[in-house]
Amino acid sequence: MADYLHQFIFGIYPYIAIMIMVGVTIARYDRDQYTWKADSSQLLRSKGMRVGSNLFHIGIIFLFFGHLVGLLTPESVYHVVMTAGAKQILAMVSGGFFGVLCFIGLSMLLYRRLFDPRIRATSRFSDIALLFILYIQLILGLVTIPYSAQHLDGSSMIALANWAQHIVTFQPGAADFIVNEAWVFKAHLFLGLTIFLIFPFTRLVHMLSAPVKYLFRTGYQIVRGRGRAQ
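Quick note: the sequence shown, position 25, residue 585 per this note's numbering, numbers continuous.
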């Protein structure tokens, strides 16, 4: 039974989560664009918002792309410049640093959401639940660091990368690579897949509409002051 559950969670569940994420995201954008927004609470009270939000977003963006590159880069590519052990140490140090930044920012945002009366009154259950899910996922990620320190040869990182690369390339046997890994790695993966699953039902969809084009605009916005008319 345990083996079947492992095979389902890490061999089948990833495809269920990704299919729902992609399909529902497209449907939501097509049918209900009015809900496609971040629902920022800054207008209600800006105190603590800027620092917490900046720390959270800086941390989460680095962690996301760090996981993406770290898991999906083949060994033959990064072995040109570093060993698996060196890559794991780099991931532990950088992931720990940005993980702490993200933890501080998310703690500030969660405290603000729970204990500011105005913000709490306008918060939906999904808003608070999402912050708690991200909070737990972040804590699990930080807890993986001491476990990774027990295998500085990079064996755990290689196993996790093999699992991810087999999933995205639709190769069988992906779950077998992590069958002997520590519980915290498996919990971190499972909750990460669950975040993919719930992604299109939450405010997280706003990340797909980041205004990247403004970085490359050719013109500038003209701002006129309220000076005395001439």
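Note that CB positions come from ideal geometry on N, CA and C, so glycine has one too.
| Check | Outcome |
| --- | --- |
| If the criterion is Cβ atoms closer than 8 Å, does the pair residue 576 and residue 750 meet it? | no |
| Answer with buried or exposed for residue 574, where buried requires no fewer than 16 other C-beta atoms within 10 angstroms of its C-beta. | buried |
| Where does residue 630 land, buried or exposed, given buried means 16+ other C-beta within 10 angstroms? | buried |
| Using DSSP with H/G/I as helix, E/B as strand and the rest coil, what is residue 683? | coil |
| Contact between the stretch 662 to 670 and the stretch 607 to 622 is defined here as three or more beta-carbon pairs at a separation below 8 Å; is this criterion met? | yes |
| Assuming residue 581 contacts residue 757 under a Cβ cut-off of 8 Å, what Cβ separation, rounded to an integer in Å, is found between them? | 6 Å |
| Enumerated in chain order, which unbroken segments of the alpha helix (DSSP H) with a length of 4 residues or greater are wholly contained in the stretch 597 to 677? | 609 to 632, 635 to 638 and 644 to 675 |
| Buried or exposed for residue 730, please, with buried defined as at least 16 other CB atoms from any protein chain shown within 10 angstroms of its CB. | exposed |
| State yes or no: is the C-beta of residue 566 within less than 8 Å of the C-beta of residue 734? | no |
| What residue does the alpha helix (DSSP H) around residue 591 start on, and which one ends it? | 573 to 591 |
| Do residue 645 and residue 712 come within 8 Å of each other at the CB atom, strictly closer than that value? | yes |
| In chain order, which alpha helix (DSSP H) runs of at least 4 residues are fully inside the stretch 709 to 765? | 715 to 728 and 743 to 758 |
| Tell me whether residue 561 sits in a helix, a strand or coil according to DSSP, three-state version. | coil |
| Assuming residue 648 and residue 686 form a contact by the criterion Cβ under 8 Å, report the distance between their Cβ atoms to the nearest whole angstrom. | About 36 Å separates the two Cβ atoms, so there is no contact after all. |
| Alpha carbon to alpha carbon, how far is residue 633 from residue 661? | 25 Å |
| Taking a contact to mean a Cβ-Cβ separation below 8 Å, would you say residue 663 touches residue 702 in this structure? | yes |
| Considering only residues of the same chain and omitting the five flanking positions on each side of residue 622, which have a CB-CB separation below 6 Å? | 658 |
| For residue 561, which residues from the same chain have a beta carbon less than 6 Å from its beta carbon, with the 5 sequence-adjacent residues on both sides left out? | none |
| Residue 655: which of 747, 620 and 755 sits nearest, CA to CA? | 620 |
| Starting from the Cα of residue 760, find the closest Cα among 723, 571, 588 and 564 and give me that residue. | 588 |
| By Cβ distance below 7 Å, which residues in the same chain neighbour residue 724 in space, the five residues on each side in sequence not counted? | 631 and 632 |
| Out of 690, 689 and 673, state which residue places its alpha-carbon closest to the alpha-carbon of residue 682. | 673 |
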